[in-house]
Amino acid sequence: MAEQLRNLKRKINYKDLLLKLISLALGILVWFLAVGTDQMDVSMSIPIEILNLPKNLVIYNQYQKEISVTLRGPRGIIQELRNRPPSLSLDLSDADSDTIVLNTETLSFPLPSGISILRMQPASITLSIDKLVERQLPITAVTEGDVAQGYLLQGVSLNPDKILVSGPESIVSLEQTLKTYVINLSGLNHSTTLPVHLDLSPEFMELIGETTVVAKLAVVDKFVEKKVRKIPINIRDAEQEVLVKPNSITVVAGIPEKLISETPVLSMLFRASISAGEGEFPRKVPLTVNGVTVPGHEPIQIISYSPTEVELSLVKKITKTITKKKK
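Just so we're aligned: the sequence shown equals residues 181 to 507 in the numbering used here.
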């Protein structure tokens with residue numbers, strides 16, 4: 181009796197297992213019919229990921245950053261790919277300075293089982309690879325026009341006057357110096373500071389972007405050498421009435437050209453003086469000569485003057501004697 185019960189239990193267990201296997205097979209069949217056979221096509225963009233490019237190399241062309249692929253496969257798997265798209269990894273660990281053309285048909289990226297690639301665009305990817313170099317390039321100011329009459333451009337200084345450029349050797353070596361856009365000097369009559377952009381080629385614009393430097397324009401008076409006569413002598417510290425001989429001097433000086441045109445009498449631009457002080461008379465005393473400071477102009481440059489000393493003497497007083505006539 182016990183043996184019969186055990187045989188009955190075995191038959192029941194086998195029957196349950198068979199039913200489970202049949203259910204599993206039916207489930208797989210239903211999934212295959214419902215999903216597996218529901219094929220669909222989809223176009224999507226796959227990003228390109230560059231891996232292991234040596235540090236001394238750089239890709240300098242505008243290469244395709246992604247490819248467009250058309251995939252075919254079960255709807256459910258396609259939906260998953262849409263949510264989590266794969267990427268195309270390019271290993272460039274063995275790259276050198278060169279131009280590489282990769283046929284996209286030879287490239288592969290991970291796809292789930294059951295997915296096939298119908299089309300990939302573009303047909304190829306071009307990578308221009310070069311050595312990565314750094315160079316300090318000087319900057320030159322470019323000017324046009326003339327400053328106002330009576331003035332000179334003393335110089336143009338830039339800050340910074342050079343710039344560190346990092347990029348592909350084939351591009352960085354194209355320029356020995358960088359230049360500013362044209363700075364117009366026409367009619368400028370004073371020093372000034374202004375920002376100015378660099379005039380960059382498209383290749384350098386790609387490397388360093390739009391760059392601005394500060395230009396300092398030093399504009400100074402244009403000096404003219406003039407001989408000015410009859411400059412009066414001023415007497416200081418005189419305790420008595422004194423006489424100066426000669427009573428005027430001649431000065432040779434560098435005078436701003438613009439100031440000459442603005443001054444009706446040039447002797448007004450100078451001050452000559454002596455100090456009478458104490459001492460015996462007559463005696464020789466040295467002269468002090470200075471140019472007058474005029475706002476908006478640089479100081480007058482005294483070159484020479486004559487005489488360099490004058491004779492100082494007391495003024496003689498005339499005494500009148502009155503004689504009465506006798507009657």
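Don't be surprised by glycine CBs; every beta carbon is placed ideally from N, CA and C. Since the model is a prediction, treat every value here as computed from it, not as a measurement.
Hey, could you find the ends of the beta strand (DSSP E) residue i is sitting in?
{"i": "residue 224", "result": "219-231"}
{"i": "residue 450", "result": "450-455"}
{"i": "residue 401", "result": "392-401"}
{"i": "residue 470", "result": "468-471"}
{"i": "residue 481", "result": "481-486"}
{"i": "residue 335", "result": "331-339"}
{"i": "residue 489", "result": "489-494"}
{"i": "residue 238", "result": "237-239"}
{"i": "residue 424", "result": "422-425"}
{"i": "residue 368", "result": "Looking at the DSSP string, residue 368 is not in any beta strand (DSSP E), and its letter there is neither H nor E."}
Return the first residue and the last residue of the alpha helix (DSSP H) that residue i is part of.
{"i": "residue 441", "result": "437-442"}
{"i": "residue 387", "result": "382-388"}
{"i": "residue 351", "result": "349-352"}
Using 8 Å as the threshold, is the C-beta distance between residue i and residue j below it?
{"i": "residue 357", "j": "residue 376", "result": "no"}
{"i": "residue 368", "j": "residue 394", "result": "no"}
{"i": "residue 428", "j": "residue 410", "result": "yes"}
{"i": "residue 347", "j": "residue 438", "result": "no"}
{"i": "residue 397", "j": "residue 333", "result": "yes"}
{"i": "residue 285", "j": "residue 300", "result": "yes"}
{"i": "residue 247", "j": "residue 226", "result": "yes"}
{"i": "residue 416", "j": "residue 453", "result": "yes"}
{"i": "residue 266", "j": "residue 290", "result": "yes"}
{"i": "residue 485", "j": "residue 430", "result": "yes"}
{"i": "residue 380", "j": "residue 345", "result": "no"}
{"i": "residue 365", "j": "residue 326", "result": "yes"}
{"i": "residue 483", "j": "residue 432", "result": "yes"}
{"i": "residue 282", "j": "residue 305", "result": "yes"}
{"i": "residue 257", "j": "residue 302", "result": "no"}
{"i": "residue 511", "j": "residue 237", "result": "In the structure displayed, the chain extends from 181 to 507; residue 511 sits before or after that span and is not available."}
Using C-beta distances below 6 Å, list every residue in its chain close to residue i, excluding the 5 sequence neighbours before and after it, in chain order.
{"i": "residue 313", "result": "349, 352"}
{"i": "residue 490", "result": "424"}
{"i": "residue 493", "result": "423, 461, 462"}
{"i": "residue 271", "result": "231, 232"}
{"i": "residue 280", "result": "307"}
{"i": "residue 470", "result": "451"}
{"i": "residue 434", "result": "403, 405, 481"}
Answer yes or no: the CB of residue i versus the heavy atoms of the ligand PLP, is any distance below 7 Å?
{"i": "residue 440", "result": "The ligand PLP is absent from the structure shown, which contains no ligands of any kind."}
Hey, residue i and residue j are a contact pair by Cβ (cut 8 Å); roughly how many whole angstroms apart?
{"i": "residue 495", "j": "residue 421", "result": "4 Å"}
{"i": "residue 255", "j": "residue 218", "result": "5 Å"}
{"i": "residue 363", "j": "residue 322", "result": "7 Å"}
{"i": "residue 223", "j": "residue 250", "result": "5 Å"}
{"i": "residue 383", "j": "residue 354", "result": "7 Å"}
{"i": "residue 412", "j": "residue 477", "result": "In fact, because the Cβ distance is near 22 Å, the residues do not count as touching under 8 Å."}
Which residues in the same chain have their Cβ closer than 7 Å to the Cβ of residue i, if we skip the five residues on either side of it in sequence?
{"i": "residue 474", "result": "439"}
{"i": "residue 328", "result": "367, 368, 369"}
{"i": "residue 390", "result": "377"}
{"i": "residue 287", "result": "268"}
{"i": "residue 371", "result": "397, 398, 399"}
{"i": "residue 243", "result": "305, 306, 307"}
Near residue i, what residues of its chain come up, given a Cβ to Cβ distance below 8 Å and the 5 sequence neighbours on each side ignored?
{"i": "residue 319", "result": "338, 340, 341, 342, 343, 357, 358, 359, 360, 378, 393"}
{"i": "residue 239", "result": "230, 233, 307, 308, 309"}
{"i": "residue 488", "result": "466, 467"}
{"i": "residue 245", "result": "227, 228"}
Report the start-end ranges of each alpha helix (DSSP H) in the segment 253-323 that is 4 residues or longer and not cut off at the edges. Within the segment 253-323, the complete alpha helix (DSSP H) runs of at least 4 residues are 255-263.
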